[in-house]
Amino acid sequence: MFLVFLFCALALADQPAESPPREDIDQTKSDDIEPITKALDDSPSFSPPVPSYIPPPVYPPEALAQGLGGSVLMAIDVAADGSVVGVEVLEADRADFGEAALINARSFVFLPATLADGTTVDARIEYRTIFKAEQAAAISVEGRIREAGPRIPLKQANVVAVNPDGVRVIAQTDDDGRFRMAGLSPGPWIASVTAAGHVTDTVEFEVEDGKVSSISVYLVRDEVRTGQTADLELTIIAAAPETEVTERTLTAEEVRYLPGSGGDVVKVVQNLPGIARSPLGTGNLRIRGTAPEDSLYFLDGGQIPIVFHFAGLTTVLASDLLEEVAYLPGSYTVRYGRALGGLVDLRTERALPERSNGYASVDVFQAALFVQQRIGKRDALTVTARRSYADAVLNPILNKGDLTVQAPRYYDSQLRWSRKLDAGWSDVMFLLSDDRFRFLGQGEDEVVLAGFATQFQKLRWLTSRNFGDGLSLDTSVVLGPEKKFFESDGSSEAWEKEMRVATRIELKQEPTADRSIGWILGTDPNFNRSSFLYDIARPPERTVSSSRTAPRESGANNIWQPSAFGELSLRAGQFKFLPGLRTDAQVTNAATVFSLDPRVRVLWEVGSRTTIKGGAGRHSQAPTARQLSPSSDGNPDLSAELSYQYSLGIKHVVTEWFNVDLTGFYHHLTDLISGREDRFFFYSGPPPAGPFDTAPYANDGTGRTFGMELLANVNTDTTTGFLSATVGRSDRVKRPGAERTLFEYDQPLILNALVSQKLPKRWRIGARVRYGSGNPYTPVTNRIFNHDRREFIPVYGERDSARLPPFFSLDIRIDKDYVFKKWTLTTYLDLQNATYSKNVENQGYSYDYREEEPTLSPPPLPAFGLRGEW
Amino acid sequence: MVTVISFLLLAGCGETSPETLVDELRVIASVAEPPEVQPGTTFTYATYFANPDEQDTVAITWVCTNLGDGCLEAQGGIEALAYTEPEGDSSIWTRDLGVTPALVPLVADGPLTATQLWTLYCERGTCPIVDDVAGLGTTDPWPEELGESLANPTAWMSGLPMAGVSLAYQLLTTSLSDDPQLNPVLEPADDVPDTLARDETFELSFTVDGNFSDQAQLYNYITGGGFKMANTYVSAGDTVNIEGTAPKDGDEVRIWVVLADGLGGVSVWTETFSLSG
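Going down the list, the sequences are from chains A and B. In terms of my numbering, the first sequence has 687 at position 692, counting the first letter as 1, and numbering is strictly consecutive. In terms of my numbering, the second sequence has 279 at position 255, counting the first letter as 1, and numbering is strictly consecutive.
Structure representation (structure tokens):
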């Protein structure tokens, strides 16, 4: 039986309370105060607690503005020392009154309850706080508590203010990190601020009559992260032929520190299974033994020409704009098509930033700026810009003798306006990207010996609407020009220009607990106005067997690519079936090509930790306009190239921080287009070497890629890492009756191991080990001397019959964070190829082809960088 | 692009150009006199060989105008094939070759540069095709299999070793012109010394003349040491100085200077020098 006393108090400055009658109440507790469970003797000689200090509550602003009053009845546990150790709201006329009274009561001080012999005891009392608007106490101090560095508001942080007289007032922050205190006596106060997972701080302030003091406190996050994650999460959807792709969820913070990624989330994808390393960082993706041209890149489902700048140093889009990076190596959903290889879809964030933020960074290669401004409750504006200055650093090193070398330089920029709709999302983004480098001859003429550039500008509009019950409609349009340009020797020129409009409309019904069937219906039509010029000066002497010069080619095409797709999601117990059908057409000046791609995926959840996944289907890729056009010596009767893809895999979650994913795949390729290999094209790696198939284009080729992929992922509070391994083979038969030969992008073994470890005092260290088979290449077996040009011409052996030595690299990264009140500074040192492995990037030869003079990996180049984030 | 980078970085390194050093069996140059010929007529073809190790060698020459169906010369009747056994560390092989009269209708409207002049120079026993040619007369019809091989040398070159084999070719212009292109003139501008000092730089001076394009160049080769520049652009009437470094070792060194006018015409100057010091 408890002794209960009822007190009443007005929402005024300090007033003594009357002794209330006794009542029994149930015992409960407030969130952070232990309850009193001690039973007390109901003795007439018992004296209840007497209020000693009752500060006025903070009047809720909304109620005050409306002049509303009310009361709150609370049960308060008073310890034997007179402090309040528990508060419960029993009834409240308004919720905000209840909250204000609850917080206020924690500041109460009582003369404790006593027995007849004077012994102080614990007691529970009932106490009523009355709110009268006309008598509301003035606010003495208000403030905001945020996390140092990212300045995230800290909710439910406790602020305890104490004055020299020992008077103590307690407040708690709201969801916006704000708090207020009312009725404090004038004079100096000290506030102690605590929040879970953060280091406690104190601040002094002065209260003056008629004035409101303002304080702002930034708490440093404890080194052991226990509370809310500061950064947004970024999901990398990785691997998995099955369409319920295997999701890898990494925080943006972890991705930033992974060695070799340079903080670029898309570059992390390059370490995942199924992706072969491109030589000397040419920046393209070679997925499951297919050519880079056979894989596609998307921005929110709309095609873009490239995803990396030159040398693969960085993505063409700021990582902080992204919410997901979908990497689909094969057997993927019918939502995507027109490719034999894999794809990467960069998906931008569809959420407003919690607050305005940004960063500025500089390193050895580039400088970048990112600013995100919240505008009202529904809108946000984002501006990014990045520019390399490797040319300024490298040009003096590279310039030798008669050459002026302009090292690669690139820049990109994005401007985005986002709006959160009542039931959906909409945003518009403009983005541009420009890459180029040149070799110039010395002298006044500065003849361009070789030059290459790739550029694009895109406008992307995206809208998403939710109709409830899992029904949604997504629409996106990505449009804008693209250009590739090449020049050589001052007399050769080649370019390709595209004006592409890529659209996507998807109506989706998600399955729910009550509905086991879901579906997607959609279309992703493209239009492309494509023009080209290939004017490569090749004197007759260059070709031994013919005096024919390379023909000048130019032309333009309108390319229409309508499509339609549909997919079901059927759940039956532990199984999930996803059958789908996709149809594509390609209409050009020369020909129309149709394709129909049925696909199916199956998931079997064997227990709560294991999933078996399988997929089978057809993927098709239409010929290019050049291959079809008779004016370019093409073949209008060509049909689409086909890939029949099969996969089977298993994923097992071993522990909450360790999971393993193993997948086997087999792709059978048919109707591959062979021929005309002697024609100029923008190659995506080392220059192609003969012998060339110069016969007319035909769907004569076949091929296969097959292998196994393993991904083991570790993710704890302090350690992030993964091991990815791929074994496989890719080969081709170019013409009927020809021998089966290795494909030029075949890499039988690819291993990547990455780990990043947090250390005390905000240090972090990471390492990456890469091992990969060398690429096949066509060896030079002899040479012929051309008397007219006075130079040797190579004679090649069988195509791709030799293989470069394996590749090995150890990369190390060290980071140190400095956290200030309003911003964070990250410094890092990234050392690639730390052991100076002399990896062969590309085979080269002496002038007379007697000696091999391969191009080796660059020596270890320490990259030091700074990033300031607010 | 990467290969170009590595090559360009290497260019200009060192005191002499490696392309000027002749240290293997090799066809240095060939000169057709005249460089522009009427179909159905003969011309003189001189080939300059280098054989620093004085290996036992054999060589063949053939003429091939391949318009898609093999060499027109395979039918025989003209001097389109020849065999020899060069001796010594350097030699010059001069013989008469003919241009097939089948080209007459093709050159009626203007010159045609489609006839290839090939020379294969091998250490004896390394090139089977040489043995196939050795027993033939210069005007005999070519056996079918031999004709296919001679029409497509790259097909069998892949199977031969690099060492001890040198294959070279040039294009010959055919026309009905009565005023055909002539070879350029290459002459020493000063007295040429008999001796070069070991490991010392030297300079040679030449005058060049004739009908040049803007691609006319002077090339220089040496069997030891090296020249500073592999080639020099020249214009008609120029006096050109070329600088080289004599080898440290040996008793003699051979030098070739080749003038190409950019229009198909070639002149060659060659000399052997004693080494002193």
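Just so you know, even glycine gets a beta-carbon here, dropped at the ideal spot from N, CA and C. From a predicted model like this one, the values you see are computed outputs, not experimental measurements.
Beta-bridge pairing of residue i - partner residues as DSSP gives them
| i | result |
| --- | --- |
| Val123 (chain B) | Its beta-bridge partners do not exist; DSSP assigns none. |
| Phe447 (chain A) | A:Phe432 and A:Phe481 |
| Trp652 (chain A) | Answer by DSSP bridge pairing: none, since Trp652 (chain A) is not bridged. |
| Gly696 (chain A) | A:Leu667 |
| Ser421 (chain A) | A:Arg414 and A:Thr458 |
| Ala138 (chain B) | DSSP, once it has assigned bridges, lists no residue as partnering Ala138 (chain B). |
| Ser471 (chain A) | A:Leu457 and A:Arg499 |
| Pro212 (chain B) | B:Phe230 |
Per-residue burial, residue i [other beta carbons within 10 Å of its own, 16 or more giving buried]
| i | result |
| --- | --- |
| Trp758 (chain A) | exposed |
| Thr650 (chain A) | exposed |
| Glu60 (chain B) | buried |
| Phe653 (chain A) | exposed |
| Gly612 (chain A) | buried |
| Leu754 (chain A) | exposed |
| Arg373 (chain A) | exposed |
| Lys646 (chain A) | buried |
| Leu210 (chain B) | buried |
| Val320 (chain A) | buried |
| Tyr245 (chain B) | buried |
| Asp164 (chain B) | exposed |
Euclidean distance between Cα positions of residue i and residue j
| i | j | result |
| --- | --- | --- |
| Pro593 (chain A) | Arg404 (chain A) | 43 Å |
| Tyr243 (chain B) | Ser115 (chain B) | 18 Å |
| Val282 (chain B) | Val264 (chain B) | 12 Å |
| Ser627 (chain A) | Glu548 (chain A) | 6 Å |
| Pro42 (chain B) | Tyr529 (chain A) | 34 Å |
| Arg89 (chain A) | Gly65 (chain A) | 7 Å |
| Lys756 (chain A) | Val194 (chain A) | 13 Å |
| Arg342 (chain A) | Val261 (chain A) | 11 Å |
| Ala87 (chain A) | Arg123 (chain A) | 9 Å |
| Val378 (chain A) | Arg433 (chain A) | 30 Å |
| Gln61 (chain A) | Asn461 (chain A) | 36 Å |
| Gly761 (chain A) | Thr714 (chain A) | 9 Å |
| Gly205 (chain A) | Ala152 (chain A) | 26 Å |
| Ile140 (chain A) | Leu63 (chain A) | 29 Å |
| Leu657 (chain A) | Arg699 (chain A) | 20 Å |
Close Cβ partners of residue i (< 6 Å) along its chain, the five nearest in sequence each way excluded
| i | result |
| --- | --- |
| Phe570 (chain A) | Trp599 |
| Tyr331 (chain A) | Leu338 |
| Thr137 (chain B) | Leu195 and Thr197 |
| Ser413 (chain A) | Ala375 and Asp422 |
| Gly144 (chain A) | Val814 and Thr819 |
| Val884 (chain A) | Because chain A in this structure spans residues -4 to 865, residue 884 (chain A) falls outside the shown range and cannot be described. |
| Trp866 (chain A) | Outside the shown range of chain A, which is -4 to 865, sits residue 866 (chain A), and nothing can be said about it. |
| Leu127 (chain B) | Pro63 and Thr198 |
| Val764 (chain A) | Ala748 and Leu805 |
| Asp407 (chain A) | Val311, Arg381 and Ser428 |
| Gly255 (chain A) | Arg763 and Asp806 |
Sequence-distant residues of the same chain with beta carbon closer than 8 Å to residue i, five excluded per side
| i | result |
| --- | --- |
| Pro506 (chain A) | Gly465, Ile512, Gly513, Ser564 and Arg566 |
| Tyr879 (chain A) | As displayed, chain A neither begins before -4 nor continues past 865, which places residue 879 (chain A) out of reach and without an answer. |
Beta-carbon contacts of residue i that lie in its chain and below 7 Å, excluding the five residues immediately before and after
| i | result |
| --- | --- |
| Glu295 (chain B) | Val216 and Ile279 |
| Pro348 (chain A) | Gln367, Arg369 and Ala375 |
| Ala221 (chain B) | Ala270, Ser300 and Gly301 |
| Gly274 (chain B) | Gly248 and Leu299 |
| Phe687 (chain A) | Glu672 and Asp673 |
Can you list, in chain order, the residues of the stretch 772 to 794 of chain A whose Cβ is nearer than 8 Å to any Cβ on chain B? Thr776, Asn777, Arg778, Ile779, Phe780, Asn781, His782, Asp783, Arg785, Val790, Tyr791 and Gly792
Taking any Cβ of chain A, which residues in the stretch 240 to 268 of chain B have a Cβ under 9 Å from it, in chain order? Gln241, Tyr243, Ala254 and Asn255
Below 8 Å between beta carbons is the criterion; list the residues of the stretch 276 to 292 of chain B that meet it against any residue of chain A, in chain order. Val282, Ala284, Gly288 and Val290
Which of the residues in the stretch 718 to 745 of chain A, read from start to end, lie with their CB under 9 Å from any CB of chain B? none
Could you list the residues in the stretch 37 to 55 of chain B with a C-beta less than 8 Å from some C-beta on chain A, going in chain order? Pro42, Glu43, Glu48, Arg50, Val51, Ala53 and Ser54
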